[in-house]
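Protein chains in written order, with the UniProt record's numbering: chain B, 1 to 341; chain Z, 1 to 341. Cβ coordinates follow ideal geometry from the N, Cα and C atoms, glycine included.
2 protein chains.
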Amino acid sequence: MKNTQATIRDIAIKLNISISTVSRALRGAPDVNPETKKAVLEMAEKLHYEPNRVAQSLRIKRTNTLGIIVPEIALHFFSSAISGMQEEASHHGYSIMICQSLESYETEKQNVHMLAANRVDGMFISMSSETKDYAHIQQLLNKNIPVVLFDRVTDSLQVAKVVVDDHDGAFKAVEHLIKTGCRRIAYIGGPLTFYISNQRKRGYLDALKQYNIAPDEELIVHCQELHHEPVERVKRLLQLPPDKRPDALFCLNDPIALPVLQMLKEQSIRVPEDISVVGFTNEPVSGFIEPSLTTVSQPSHEMGKKAIELFIQQNQDLDNFIPATEVMKTTLVVRNSTRKI
Amino acid sequence: MKNTQATIRDIAIKLNISISTVSRALRGAPDVNPETKKAVLEMAEKLHYEPNRVAQSLRIKRTNTLGIIVPEIALHFFSSAISGMQEEASHHGYSIMICQSLESYETEKQNVHMLAANRVDGMFISMSSETKDYAHIQQLLNKNIPVVLFDRVTDSLQVAKVVVDDHDGAFKAVEHLIKTGCRRIAYIGGPLTFYISNQRKRGYLDALKQYNIAPDEELIVHCQELHHEPVERVKRLLQLPPDKRPDALFCLNDPIALPVLQMLKEQSIRVPEDISVVGFTNEPVSGFIEPSLTTVSQPSHEMGKKAIELFIQQNQDLDNFIPATEVMKTTLVVRNSTRKI
DNA sequence: CTGAAAGCGCTAACAG
DNA sequence: CTGTTAGCGCTTTCAG
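Next comes the structure, spelled out in structure tokens:
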């Protein structure tokens, strides 16, 4: 009593016709007698027939399934991007399979293998902060499996990408800090190998330069780990002598800025009077925290949709395909963690 | 140049042995010459062989894939539950496929069909608020596809379930309101057919009863739609004459309570001085909003893990399996949207 | 320890 | 318009 699932064979036998006719009828092929077709459809309904996509996939060498790898499903930026992908994918008849790397390079590699073994038709990857070797992804390309990177990307790979203009977003954020009177602006970033962190750092440095503020190495922090280290590093910055101390913090992202804000509150350091704080991403929490967080907003849902669109385009014209990088605009959302102009 | 993927056949030919031997070696079967095995493994590595799970699945009639259907991926409760399922599933060698119903019954049905067509080994469903007919799920059971319902469940189906003690959570929430001096407590719920809404309503009514407060039908609201309607309905409640007006709102969940809180702020109605508000779920935002929201916390990540565990158990002992309902404990999180005792 | 052969459920020529 | 046939890549008897 295991697999009670009906097959086209069952339908064929019941109707005393061949399985190929059933197959054709089911798929709505043009050259099939309307009566036969009707009979097949009715019998399928009656037997609760459900096409076996596994068998189909094996035969047609396509699974109509897309694989997604993100660092952490539960982070709003990613769940929102996934949601966008899911919607767009289902419009095009694709199912999605999801993995999380939990910011581990090894897990990410395993995820890639698992999805490859499942023969997904394409992979959508936002890389772990640990990842600095891209052989596992290059291998997919060698096997002609389309890859779209989003948000957490790298220059080392010739593939379609969906990113925001990190440099521009960071520039606008830091410019805002400068315009509101901050001069000793610290950058709280991620690992040195972390692409988006470096892009945002470049934007930070360029803004300083434009306003003739000399960067101070002491105020540029690279965290290896993003959960606990940032708060500790900021604490250390606050212990610098008064003239060395930062008067603003530009954080790699909101998940870093929020606990920092929390810590400042605990230490009774006033924001923005004593120190300004800016994040990146615009998590839903950020608008509600007290003081609300000034941040750079990324269109997560749209980025997800766009990633799928890029894949669809690429598939339509496989031969002369040039990997496109879609750069989406960020918006500076000014709230209360920075001073008024 | 399409599928450059190596197969066991390729390995067999290169090594001049039979494909069955390759298959055995790859799966680490016991009865295979260590030398042959070594050669096979090396050749597999060399050819970047990746087992074809599609073919495997067709043959062994198991896909090692689990299907998940939630109303909305981007809601924190669900993305957190999914994250828990993903982790637990991958421990047991399962991949996961994800769909969202977007609170639509029709979409939910399509999702079920799609996952069934993909021959997932089990389905994990949190039903849409629209769903009041369960034939689509009953059909899965008839086909011996294990189903685990979580959070959004129903009594009408004999399946494994993971829920929180909604009645108890609601009771505690309302009891807290009463103890802090509220007497005209409104319940802002979902559709009459929405199981969890009714459970929470029961908890609400029982708390009133226990404290000898007569329920007032006027204060019990059932919203058909959960995005805009609740705020409108609360506005109407506030227009009641002073002696009829509620002094507290117990909301079905945080996604309802938060916009309500926002609206009260806009209307300069003080919380909790003029009116207390309690939610359910404990979204991350809820602790940060001003005033922070008193709510009932659900262990979303753990619920996800538990759902997978239930499925694994069920699979180990298919014959004498009795569908278990796992009831998890909620915690009342007292914050600033309710008065102090 | 290894090979031959059958078949999972379906599609796609090809022939009528 | 319909049936026959040959696989897709893999596992699994059954013989050696």
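Endpoints, the alpha helix (DSSP H) within which residue i is located
i: Tyr-187(B); result: Here Tyr-187(B) belongs to no alpha helix (DSSP H); instead the beta strand (DSSP E) covers 185-189.
i: Lys-201(Z); result: 195-210
i: Thr-107(Z); result: 105-117
Residue i - containing beta strand (DSSP E), residue span
i: Ala-248(B); result: 248-251
i: Met-303(Z); result: Met-303(Z) -> not in any beta strand (DSSP E); alpha helix (DSSP H) instead, spanning 300-316.
i: Ser-321(Z); result: First, the amino acid is wrong: residue 321(Z) is Phe here, not Ser. Per DSSP, Phe-321(Z) belongs to no beta strand (DSSP E) and is neither H nor E.
i: Val-147(Z); result: 147-150
i: Thr-65(Z); result: 65-70
i: Thr-295(B); result: 295-297
Secondary structure of residue i, DSSP reduced to three states
i: residue 385(Z); result: With chain Z represented from 1 up to 341, any question about residue 385(Z) goes unanswered, as that position is not in the structure.
i: Arg-9(B); result: helix
i: Gln-100(Z); result: strand
i: Ile-60(Z); result: helix
i: Ser-276(B); result: strand
i: Gly-287(Z); result: helix
i: Ala-25(B); result: helix
i: Asn-3(B); result: Residue confidence is low: Asn-3(B) scores 48 on pLDDT, short of 50, so the model does not pin down where it sits. No coordinate-derived value is stated.
i: Ile-341(B); result: coil
i: Ala-160(Z); result: strand
i: Val-54(Z); result: helix
i: Ile-137(B); result: helix
i: Val-231(B); result: helix
i: Thr-330(Z); result: coil
i: His-92(B); result: coil
i: Val-40(Z); result: helix
Buried or exposed (CB count within 10 angstroms, at least 16 for buried), residue i
i: Asn-315(Z); result: exposed
i: Gln-239(Z); result: exposed
i: Val-292(B); result: The sequence as given places Ser at residue 292(B); Val does not occur at that position. So Ser-292(B) ends up on the buried side.
i: Tyr-211(Z); result: exposed
i: Thr-325(B); result: exposed
i: Arg-236(B); result: exposed
i: Ile-322(B); result: exposed
i: Ile-60(Z); result: exposed
i: Asn-320(Z); result: exposed
i: residue 347(Z); result: Because chain Z in this structure spans residues 1 to 341, residue 347(Z) falls outside the shown range and cannot be described.
i: Glu-108(Z); result: buried
i: Asn-111(Z); result: buried
i: His-301(B); result: buried
i: Arg-183(Z); result: exposed
Cross-chain neighbours of residue i in chain B, by beta carbon under 7 Å
i: Pro-146(Z); result: Under the 7 Å cutoff, chain B gives no residues; its nearest Cβ is about 12 Å from Pro-146(Z).
i: Glu-225(Z); result: Near Glu-225(Z) there are no residues of chain B at all, since even the closest Cβ is about 19 Å away, more than 7 Å.
i: Ile-82(Z); result: Ile-73
Cα-Cα separation, residue i to residue j
i: Asn-3(B); j: Pro-230(Z); result: With a pLDDT of only 48 at Asn-3(B), under 50, the local geometry of the prediction cannot be trusted, and the value read off the model is given with reservation. Distance between the alpha carbons of Asn-3(B) and Pro-230(Z): 45 Å.
i: Ile-193(B); j: Met-303(B); result: The sequence as given places Thr at residue 193(B); Ile does not occur at that position. Thr-193(B) and Met-303(B): Cα-Cα distance of roughly 23 Å.
i: Ala-135(Z); j: Val-163(B); result: 43 Å
i: Leu-66(B); j: Phe-124(B); result: 8 Å
i: Ala-81(Z); j: Val-296(Z); result: 16 Å
i: Val-22(Z); j: Gln-56(Z); result: 14 Å
i: Thr-330(Z); j: Pro-299(Z); result: 7 Å
i: Thr-180(B); j: Ile-188(B); result: 19 Å
i: Lys-46(Z); j: Val-40(Z); result: 10 Å
i: Ala-257(Z); j: Gly-28(Z); result: 55 Å
i: Lys-306(B); j: Phe-77(Z); result: 25 Å
i: Ile-98(B); j: Thr-63(Z); result: 15 Å
i: Ile-145(Z); j: Leu-58(B); result: 22 Å
i: Val-260(B); j: Met-85(B); result: 31 Å
i: Ile-213(B); j: Asp-206(B); result: 10 Å
i: Lys-265(B); j: Arg-152(B); result: 31 Å
i: Met-43(Z); j: Ser-20(Z); result: 15 Å
i: Glu-225(B); j: Glu-130(B); result: 9 Å
i: Leu-75(Z); j: Pro-242(Z); result: 36 Å
i: Ser-128(Z); j: Lys-209(B); result: 53 Å
i: Ala-6(B); j: Glu-50(B); result: 7 Å
Per-residue contacts from residue i into chain Z (C-beta, under 9 Å)
i: Lys-143(B); result: Asn-3, Thr-4, Gln-5, His-48 and Glu-50
i: Val-40(B); result: Going along chain Z, no residue has its Cβ under 9 Å from Val-40(B), so there is no contact; the nearest lies around 17 Å.
Under 8 Å by beta carbon: chain Z residues contacting residue i
i: Val-54(B); result: Val-54, Ser-57, Leu-58, Thr-63, Asn-118 and Arg-119
i: Val-285(B); result: Pro-284, Val-285 and Phe-288
Interface residues of chain Z facing residue i [CB-CB closer than 7 Å]
i: Ser-104(B); result: Simply none; closest approach about 12 Å.
i: His-222(B); result: Chain Z residues near His-222(B): none, gap ~27 Å exceeds 7 Å.
i: Ile-98(B); result: Gln-86, Ile-96 and Ile-98
Chain-ordered neighbours of residue i on chain B, where CB pairs are closer than 8 Å
i: Gln-316(Z); result: Within 8 Å Cβ-Cβ: nothing; Gln-316(Z) doesn't reach chain B, min ~15 Å.
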